[in-house]
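What follows is a single structure, written as structure tokens, with notes after it.
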Amino acid sequence: MTVAIQVADLIKSFKRGNRALRGVSLQVEAGEMVALIGASGSGKSTLLRHVSGLLLSDRGAGSVQVLGQPVQQQGALAANVRHVRKDVGVIFQQFNLVNRLSVLTNVLVGLLGQIPAWRGCLGLFSQEEKRRAMRALARVGIAEAARQRASTLSGGQQQRAAIARALVQEAKVILADEPIASLDPASSRRVMDILSRINREDGITVLVSLHQVDYARRYCPRTVALKDGEVVYDGPSEALTPNLLKDLYGADLTEEMLEGTKGTGRTPPRASTGPVQVSTELAVAAASG
Amino acid sequence: MADQSALHKTRDPLQEIKLPPVDYSRKAYSFLIWGVLAALLIWGWAPVEMHKAVSLVTDAQNMASYASGFLQPNFHNWPLFIEEMILTVQIAVWGTVLAVVLAVPFGILSSENMAPFWIVQPVRRLMDAFRAINELVFAMLFVVAVGLGPFAGVMALFIHTTGILAKLFSEAVEAIDPRPVEGIRATGGGKIHEIVFGVIPQVVPLWVSFSLYRFESNLRSATVLGLVGAGGIGQILWEYIRGFYYAETAAVIIIIVVTVSLLDILSQRLRRMLI
């Protein structure tokens, strides 16, 4: 098996001195689907942004290689990083589509790394390239929305368009940064189903950061858990029992990360005094109605 | 019910709550600002001859007889007026379009989130210079350089407007959402791709709005370019005013007002269509 992602001894400090990553090492084989879990602020996003080369590590601290090619080394971006990026699709929590462009154009953007630069600048895509984009949209189930502006789509549909962009790009590695954190449960499952399907059918390596352990257990055979910028667990997702999580994160955080196991997905309202809860909801309904 | 009992417990401290202390330094500061403004106005009173304001009332008779000359506008020469007005609009269109074309690269190059500071600063200073010089001054310079006529007017509007639009465009670019741009960078797009697909779609509504507004302003400016011989309806206007032809002056002014209003309505429509 070949190595898809190789992260070695990554250290990242932000201003004000807090360390987001404290020597993270990680190896992902080609074709794996790996979940990256951890509470908010544990360094999941920071790690993924380092792998895609959108963030640079501290000087002289660690390196990232994707598909055997360097992305960054000792805090400096590799010279041919655009070459590596062609093979890496990135899915963001906020989708990062261009709102005013059509869904089809947003997907065609995935081709920019492959076609001559002048053609990309003028937005001249061939019929075949457009068909490729439409096929990708059909695979994620939103071909009928191709002509609409991206902003008119629901969150779940926008995220699927972002996946279609990665498919058109013919990415060999997909990095998904909390892809379902701003979606409702049904859309979340749909997006995770699609990610898991392209992992199986196309052999695309997927590294996905998740807030909820439940989704990691259901979709990813392997889980890497981060806490305060350090890898605290790396192994089969099945072994992630509530007890183990409690050991890793303490009772409070574990409760937060296990939410959603009852099928609601979203953070349910904290158990509080019943009557007060009802009155707030009525007030909101009155205000909006 | 639970929170009501909580209220009971905290009643006493709430009764004795203190007002926040008065911020005297802030008060003094605001007095100072008003004082400076008042001093500026008093300082300028005599130099700008504000005492003459009384003559607006005492010489009302004179004013009225002067104004009555305008009450019978004389349109006998209307084909010339219309022809010159159209030329004025054409000057404004050319000046604005050339400026928009140049303001796009200059605007992007003077945005801090797009270019390094050693490019941003020189470009911004150049745009400052374009902006600092009034179009009428540019018109006089170009009349000397390229001769009397509308081309000098086009060049004057073009340079001055480039400076203004580049600044407005760059402000729009600096306020974009960086996330879509990141999305394009992550797919392996280059810097130009980021601008074409990530930046420009986000700023187009504002850019269109700014450009149309500048077109309206340029039309107004173009009506006075004729004063210095740079073509358009200003030239006849100037001659009529100098010759005390009140009736014809009034006719020209009416034509200008009507044209400016019409194009104003038109550009409003356009803006709504494009955004």
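Those protein sequences? They're chains P and D, same order as listed. According to this note's numbering, the first sequence is numbered sequentially starting from 1. According to this note's numbering, the second sequence is numbered sequentially starting from 1. Using N, Cα and C, we set each Cβ at its ideal position, and we do this for glycine too. Source: prediction; values computed, not measured.
Own chain partners of residue i with C-beta closer than 6 angstroms, once the 5 adjacent residues on each side are dropped
i: D/ALA115; result: LEU109
i: D/GLN202; result: ILE176
i: D/VAL224; result: GLY234
i: D/PRO180; result: GLY198
i: P/GLN169; result: GLY89, GLY110
i: D/VAL258; result: none
i: D/TRP94; result: VAL154
i: P/GLY265; result: Low per-residue confidence applies at P/GLY265: pLDDT is 40, beneath 50, and the placement is therefore not dependable, though the value from the model is reported in the following sentence. Closer than 6 angstroms at Cβ, skipping near neighbours: PRO185, SER188.
Cα-Cα separation between residue i and residue j, rounded to whole angstroms
i: D/ALA103; j: P/ALA35; result: 47 angstroms
i: P/LEU26; j: P/ALA61; result: 14 angstroms
i: P/GLY113; j: D/LEU168; result: 31 angstroms
i: D/ARG124; j: D/PHE210; result: 18 angstroms
i: D/LEU14; j: P/ALA181; result: 41 angstroms
i: P/MET257; j: P/VAL140; result: 28 angstroms
i: D/TYR288; j: P/ASN18; result: The requested residue 288 of chain D is not part of the displayed model; chain D covers only 1 to 275.
i: D/VAL57; j: D/ALA67; result: 14 angstroms
i: P/THR241; j: D/ARG185; result: 38 angstroms
i: P/ALA4; j: P/PHE92; result: 20 angstroms
i: P/GLY229; j: D/VAL22; result: 46 angstroms
i: P/LYS130; j: P/LEU104; result: 8 angstroms
i: P/ARG217; j: P/ALA30; result: 20 angstroms
i: D/PRO20; j: D/LYS27; result: 14 angstroms
i: P/THR223; j: P/ASN106; result: 31 angstroms
i: D/LEU32; j: D/HIS51; result: 26 angstroms
i: P/THR152; j: P/LEU101; result: 10 angstroms
i: D/ALA300; j: P/ARG149; result: The question about residue 300 of chain D has no answer, for chain D in this structure spans 1 to 275.
i: P/GLY41; j: P/ASP193; result: 26 angstroms
i: D/TYR245; j: D/THR88; result: 21 angstroms
i: D/THR249; j: D/TRP78; result: 12 angstroms
i: D/GLN72; j: D/TYR213; result: 33 angstroms
Proximity below 7 angstroms, CB of residue i to CB of residue j
i: D/ALA166; j: D/MET127; result: yes
i: D/VAL260; j: D/LEU219; result: yes
i: D/GLY232; j: D/LEU148; result: no
i: P/GLN73; j: P/SER57; result: no
i: P/PHE323; j: P/LEU108; result: A query on residue 323 of chain P cannot be resolved here, the shown segment of chain P reaching from 1 to 289 and no further.
i: P/GLY43; j: P/ALA225; result: no
i: P/MET33; j: P/VAL206; result: yes
i: D/ALA156; j: D/ALA145; result: no
i: D/ALA247; j: D/ASN74; result: yes
i: D/ASP264; j: D/GLU216; result: yes
i: D/LEU274; j: D/VAL208; result: yes
i: P/HIS50; j: P/LEU77; result: no
Burial state of residue i, where buried means 16 or more other Cβ atoms lie within 10 Å
i: D/MET85; result: buried
i: P/TYR219; result: buried
i: P/ASP177; result: buried
i: D/GLN121; result: exposed
i: D/GLU135; result: buried
i: D/PHE130; result: buried
i: D/PHE158; result: buried
i: P/PRO185; result: exposed
i: D/SER170; result: buried
i: P/LEU195; result: buried
i: D/HIS76; result: exposed
i: P/HIS211; result: buried
i: D/ALA60; result: exposed
Other residues of its chain near residue i: CB distance less than 7 angstroms, five sequence neighbours each side excluded
i: P/ARG190; result: GLY156
i: P/VAL28; result: ALA4, ILE5, VAL34, THR205, LEU207
i: P/LEU183; result: GLY155, GLY156, GLN159, VAL191
i: P/THR261; result: Note that P/THR261 has pLDDT 46, beneath the 50 cutoff, so the model's placement of it is unreliable and the number below is only indicative. Taken in chain order, the residues that qualify are ASP214.
Residue interval of the beta strand (DSSP E) (run including residue i)
i: D/VAL48; result: Note, D/VAL48: premise wrong, no beta strand (DSSP E); not H, not E.
i: P/ILE194; result: Where P/ILE194 is concerned, there is no enclosing beta strand (DSSP E), although the alpha helix (DSSP H) it sits in stretches over 185 to 202.
i: P/TYR233; result: 230 to 236
i: P/LEU226; result: 222 to 227
i: P/GLY23; result: 19 to 29
i: P/GLY120; result: Here P/GLY120 belongs to no beta strand (DSSP E); instead the alpha helix (DSSP H) covers 117 to 122.
i: P/ILE91; result: 88 to 91
8 angstroms Cβ shell around residue i - same chain, five flanking residues per side excluded
i: D/VAL173; result: GLY107, ILE108, SER111, ASN113, MET114, VAL199, VAL203
i: P/SER52; result: VAL71, ARG85, VAL88, VAL90, LEU175
i: P/ARG147; result: SER102, VAL103, LEU104
Run of the alpha helix (DSSP H) containing residue i, from where it starts to where it stops
i: D/SER209; result: 200 to 225
i: D/LYS167; result: 150 to 174
i: D/GLU83; result: 78 to 109
i: D/SER267; result: 246 to 274
i: D/MET63; result: 60 to 68
i: P/SER182; result: That residue, P/SER182, is in no alpha helix (DSSP H); it is neither H nor E in DSSP.
i: D/ASP177; result: Looking at the DSSP string, D/ASP177 is not in any alpha helix (DSSP H), and its letter there is neither H nor E.
i: P/MET257; result: 242 to 258
Partners in chain B for residue i, counting only beta-carbon separations shorter than 9 angstroms
i: D/PRO201; result: Protein chains in the displayed structure are P and D, and chain B is not among them.
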